[in-house]
Amino acid sequence: MLTGYMVVWLGALFAFAATVLYAISVRRGGGSLRWARWAFGFAFVFILATEAVLQYALITGRYDLQYVFNFSERSLPLWYKIAGAWAGQEGSFLLWAIWTGLYGLLLMRTAGGYERRVMTVYSALVLCLMGILAYQSPFAPLPPPPEDAPFLRANFPPRDGIGLNASLENIWMTIHPPIIFAGFAALAVPFAYALSALWRNEYEEWAIRVRPWAIYAATILGFGLALGGYWAYETLGWGGFWAWDPVENTSYFPWLFMAAAVHGLMLQINRGRMVRWNPLLCAIPFLLFVYGTFLTRSGVLAEVSVHSFDALAKSALSILIVMLGGGLLLTLGLWGWRYRQMPAPPSAVKVRGFSREAAVRWGITLLILSALISLVGTSYPLIARLFRGEPVSLKPGFYNQMHAPWVVLAAIVLAAAPMLRWSGMSLDDILQRLTRSWLLAVATGFGLYFLGFREPLTLFIVVLLSFAFYSNLGAIWRRVRASRVTVGGFLTHAGLAIGVIGLILSNAYEGKQQVVIMQGQDMLAFGYRWRYLGMTGDSERFGDPRFDKFNRVRVEVARHGEKFIAEPRFYLDRRRAENNSVVWPWIRRWWDHDLYVSFFAPPQVDASPLIARLHEGERIQVGDYTLRFVDLRADGAAMGQEGFRAIAQLQVQKRGWKQPVQVEPFRLIAQGGVVPIPATLPDGAIVVIGEMDVNQRLVEFRLLMVPGRPETVPRWVIPLEVYYKPFTILVWLGPPLALVGGLLAAVRRARDAKFALARLYAQPLPMVQPCRWRPRRRLWRWLRPTAPTVSEPASKARGA
Amino acid sequence: MRWSNLLILALIVVGLVFTVRAFVENTSPYVKVRDLESHPRNVHVALTPIKESIRFDIKTMTLTFEGKDETGVLRVVYPKGKPNNFEAATQVVVIGDYKNGVFEAREMLVKCPSKYQGEQRSARR
Chain A
-18 MLTGYMVVWL GALFAFAATV LYAISVRRGG GSLRWARWAF GFAFVFILAT
32 EAVLQYALIT GRYDLQYVFN FSERSLPLWY KIAGAWAGQE GSFLLWAIWT
82 GLYGLLLMRT AGGYERRVMT VYSALVLCLM GILAYQSPFA PLPPPPEDAP
132 FLRANFPPRD GIGLNASLEN IWMTIHPPII FAGFAALAVP FAYALSALWR
182 NEYEEWAIRV RPWAIYAATI LGFGLALGGY WAYETLGWGG FWAWDPVENT
232 SYFPWLFMAA AVHGLMLQIN RGRMVRWNPL LCAIPFLLFV YGTFLTRSGV
282 LAEVSVHSFD ALAKSALSIL IVMLGGGLLL TLGLWGWRYR QMPAPPSAVK
332 VRGFSREAAV RWGITLLILS ALISLVGTSY PLIARLFRGE PVSLKPGFYN
382 QMHAPWVVLA AIVLAAAPML RWSGMSLDDI LQRLTRSWLL AVATGFGLYF
432 LGFREPLTLF IVVLLSFAFY SNLGAIWRRV RASRVTVGGF LTHAGLAIGV
482 IGLILSNAYE GKQQVVIMQG QDMLAFGYRW RYLGMTGDSE RFGDPRFDKF
532 NRVRVEVARH GEKFIAEPRF YLDRRRAENN SVVWPWIRRW WDHDLYVSFF
582 APPQVDASPL IARLHEGERI QVGDYTLRFV DLRADGAAMG QEGFRAIAQL
632 QVQKRGWKQP VQVEPFRLIA QGGVVPIPAT LPDGAIVVIG EMDVNQRLVE
682 FRLLMVPGRP ETVPRWVIPL EVYYKPFTIL VWLGPPLALV GGLLAAVRRA
732 RDAKFALARL YAQPLPMVQP CRWRPRRRLW RWLRPTAPTV SEPASKARGA
Chain B
3 MRWSNLLILA LIVVGLVFTV RAFVENTSPY VKVRDLESHP RNVHVALTPI
53 KESIRFDIKT MTLTFEGKDE TGVLRVVYPK GKPNNFEAAT QVVVIGDYKN
103 GVFEAREMLV KCPSKYQGEQ RSARR
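Sequence lines, in order, name chains A and B. Residue numbers for the first sequence follow the working numbering, so the first one is -18 and each next one is one higher. Residue numbers for the second sequence follow the working numbering, so the first one is 3 and each next one is one higher.
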């Protein structure tokens, strides 16, 4: 698709122009700056145009394009056709580029004196992304099928696509990728700022400017992670939110480093600490994300991850490697070179006892420690491959074990931080301040103990985390009347604490049982009686209800006075190379627990048919029947292609019948799989073709539903896996709280930046502008930072 | 001062020991059938299933089969049903423990000929 290629290349061209012009403007300024802005604007326009062309191709069904063929199909609802734009890897790179471009526009307007340098770095990143898209294009044509597949060649280009991977056809799929890529893309801004600060050799202004961006990036990336967890819980059917999968980890460790950077910037702006480390902390998250993208997209981890991505094209992969290697060298090189020129930290002011500064330092250390654990764990298959040749991944147990002591320390720090003063306080004072939260936490612990949560280590961790929760709640309570805008950080911490409590409780105290239901027999599990009712799949059309995408397995679940129908979905996806079981679990929610119904194996048919193996022309006696295999013929499409039928003509005589009957069971190739289509005998029995050897003209016939032989009646066996998961509600509660808190903090720091910069350069403080639009003014009043102290000693200020 | 240094050193040592232990407990290496006696717990074994030995008890969803590699034959019990492409499998990787002459598989990865075709296709692109 030429238009598609053209807009991508034009986008790359303008991104290149923006990079060069911004680089020139660093020295010259003036005219080239104006041109650079235009160039970046056009680059963004062409990124949007790329998305528009891709959407056009998806919606109008251009199945001659490889991307559209692989990730869309005619029968898909419009909404999922649109979501197809980020189902594959080309599309997700495009999503990354869109967000990056959008942030770029905002950055251009807000970076002030930093614009030229920041945008030079930033445009270069956009250029890299467009370069990847140019080589790994979503508009590549579908390669023609090989010579030996005449059927496929006749129908080329295809009129329909393979369709979205069934586990992605889900409401979360439409939300989760755009949000998480909003987070990934936001990591580029702190990276660009960090490099620019090192380039400019200036270490105060940049921290003020980058702070709201850093908070925003950490917040939105964290929320994207949570959404990914919800998606896994709702659709993957293994009964959990987080599995330490490599792809999950690649968004986890950048997030932790970003959070560390947020706290580092806080220490710098409030206490003048960490000045030399912050550029590094701000640059690392982006580099780690690129590294993670490399790990998951290069095919290194293909065998150990559930998120399957094909390997990238060579040229696209090399751009990614250049991005990673170049970025890393540039960052470390610049940082090492500038290290000695950076302002030394102020001589330590003696603080007594414990201070908030110490708590924040501990927090940063812990965040980095957790990031390193998951970084090493995720890279392990790569390391193992280098040394042993076999890619072996670490089990999730590794991360859980490593984080058990970690979460104890983290909870204590999280609980103490809001109660500590910057100037430090004595142990007695802190303990006094923390008493109330601690009592509440212990009470919670007793409550849980009486509810039956008794495993000591887990209970201990949960009590500590609820201690952190109450402590932050207390901090919010005390501040909310004085200045609502300052509660952001505490709200985030409270949300995180409660979310992690939910994760731990729902995982450590889950009940899990395999319930194998036989059709016609009741089962008892979890105090319920389980009865199989049927499947909703269209077996007429597909030959087997399990091949229907909308197949639901209906199970009646009852206990005295309570009855409901569980309907987990099961589908055998045969559109791709192998039969792929797709499961949508069924979840019933109560306020305190979930009942989660999934499958541990595909539903299967149990029957002991009468079996007759016959060569063409042979005759055999089975039970009361005499079978004669008359002939085998082919019909429909060409051999082995869609629509091909292998028909066996069979003559059946049963004792007591006046004359033999002729039946024609056959095997049909449909949707890439072989479907046996049965034939019915006058007495109600059915004949199905089992195995067949076309060359030897040998067919195995199976007689089912034979009157008087109950073992030949096929019965469904439903292998359910049922989970009882307590307090999942907390997992749903935590992340939204953290999101609100984080956004609040980001907005607050963006507002603060104006005052802080004015103070830094000793300019008159900006006036609160009168607004014409009333609602906005109200919002502004609500968000107004606490009035800056004008009497700030002028000694700190530098010449403008 | 010396005491606090010593304390930090002790903490680091404890942390390292803890890390190494977590590593060892949670990696599961590939092992040949012959070496199972010495490495019985938590291993990957790559096997070719022997068609005639496959038994499946549908009431308990337990699959038992024998598989072989270059070094020997191994009896495997897998309690999580029969994967739908198991019959066509040319190689399976079982993950679990070896106990009393039987390999108790917790997880099983099935490799089919068709999958390799799929991989070839994507590699060609």
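The beta-carbon is built from N, C-alpha and C at its ideal position, and this holds for glycine as well.
In this structure, DSSP gives T66 (chain B) an extended state, which the three-state scheme calls strand.
When C-beta atoms of the region 645 to 664 of chain A are compared with those of the region 569 to 580 of chain A, fewer than three pairs fall below 8 Å, so the two segments do not count as touching. In the assembly as shown, T81 (chain A) is a buried residue. Its beta-carbon has 16 or more other beta-carbons within 10 Å. At a cut-off of 8 Å between beta-carbon atoms, H41 (chain B) makes no contact with chain A.
The beta-carbon of P700 (chain A) is placed less than 8 Å from the nearest beta-carbon of chain B.
Nearest in C-alpha terms to Y577 (chain A), of all of A:G598, A:R683, A:A547 and A:W236, is A:A547. Beta-bridge pairing by DSSP links F682 (chain A) to A:A593 and A:I670. Around the Cβ of F545 (chain A), a 10 Å sphere holds fewer than 16 other Cβ atoms; the residue is exposed. Chain A places a beta carbon closer than 8 Å to that of P31 (chain B), counting this residue as a contact. In this structure, A:V642 is the residue among A:V642, A:W318 and A:A121 with its C-alpha nearest to the C-alpha of A666 (chain A).
Just so you know, the alpha carbons of W236 (chain A) and V534 (chain A) end up roughly 39 Å apart. Your pair A17 (chain A) and S6 (chain A) checks out as a contact, with CB atoms roughly 5 Å apart and the cut at 8 Å. Across the structure, Q495 (chain A) and L505 (chain A) are spaced so that their CA atoms are roughly 11 Å apart. Contact between the region 83 to 100 of chain A and the region 153 to 172 of chain A is established, with three or more Cβ pairs separated by less than 8 Å.
Taken in chain order, the complete beta strand (DSSP E) segments of 3 or more residues contained in the region 82 to 126 of chain A number zero; there are none.
With a contact defined as Cβ atoms closer than 8 Å, P549 (chain A) and V698 (chain A) miss out at about 15 Å.
Comparing alpha-carbon positions, the option among A:E96, A:D141, A:M(-13) and A:T416 lying closest to K62 (chain A) turns out to be A:D141. Taking a contact as a CB-CB distance under 8 Å, the pair G69 (chain B) and P51 (chain B) counts as one, their CB atoms being some 5 Å apart. Taking 8 Å as the CB threshold, M110 (chain B) stays off the interface with chain A.
Within chain B, N28, T29 and S30 have C-beta atoms less than 8 Å from the C-beta of K376 (chain A), given in sequence order.
In the three-state reduction of the DSSP assignment, R23 (chain B) falls in the helix class. At a Cβ-Cβ threshold of 8 Å, T200 (chain A) and A264 (chain A) do not count as neighbours.
When C-beta distances to chain A are compared with 7 Å, every residue of the region 92 to 111 of chain B stays at or above that value. Shown here, H541 (chain A) sits in coil according to DSSP, grouped into three states, outside any helix or strand. A straight line joining the alpha-carbon of W5 (chain B) with that of L412 (chain A) spans about 25 Å.
Any Cβ of chain B closer than 8 Å to the Cβ of F581 (chain A) would place that residue at the interface, and such an atom is present.
A direct Cα-Cα distance of roughly 32 Å separates V19 (chain B) from L248 (chain A). Interface annotation, T64 (chain B): not in contact with chain A, CB-CB separation never under 8 Å.
With its beta carbon less than 8 Å from one in chain A, K84 (chain B) belongs to the interface. Membership of K635 (chain A) in the beta strand (DSSP E) is indicated by the continuous run F625 to K635. Straight through space, the alpha carbons of S279 (chain A) and F270 (chain A) are spaced by roughly 14 Å. Annotation for M383 (chain A): the continuous alpha helix (DSSP H) segment containing it runs P377 to A397.
The residue among A:D410, A:V728, A:R740 and A:L367 with its C-alpha nearest the C-alpha of S336 (chain A) is A:D410.
Of all alpha-carbon atoms in B:I97, B:A90 and B:E89, the one lying nearest the alpha-carbon of Y80 (chain B) is that of B:I97.
Three or more Cβ pairs closer than 8 Å define a contact, and the region 610 to 618 of chain A falls short of that threshold against the region 703 to 713 of chain A. T693 (chain A): not part of any alpha helix (DSSP H); DSSP gives it neither H nor E.
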